[in-house]
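Numbering (our numbering), first residue to last: 483 to 572. Where a beta carbon is used, it is the ideal one built from N, C-alpha and C, also for glycine. From a predicted model like this one, the values you see are computed outputs, not experimental measurements. For reference, the structure discussed in these notes is given below.
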């Protein structure tokens, strides 16, 4: 799971690098889309932070499995990128 977290954070950083210049650009429609994409990156990072916090607490096995499944689901949009592993599919 640690490999997935590292890889997914790298994908989010790449998304952020790709969208940040557009968010400050002149076209309103593109700017709105870029802001939404950056908000998605932020939301996904927050979910990963919740996962990190949950690893230091005792969770019921079902709750732990749900957390792992959620993190795997976050990685699905990036399944076509290099480094994605089929074992990460939810």
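Ranking 559, 562 and 550 by CA distance to the CA of residue 485 puts 550 first. Nearest Cα to residue 502 within the set 489, 568, 519 and 544: 519. In this structure, DSSP gives residue 562 a state outside helix and strand, which the three-state scheme calls coil.
When the beta-carbon positions are compared, residue 526 and residue 494 come within less than 8 Å of each other. Residue burial is scored here from C-beta neighbours: residue 516 has at least 16 other C-beta atoms within 10 angstroms and is therefore classed as buried.
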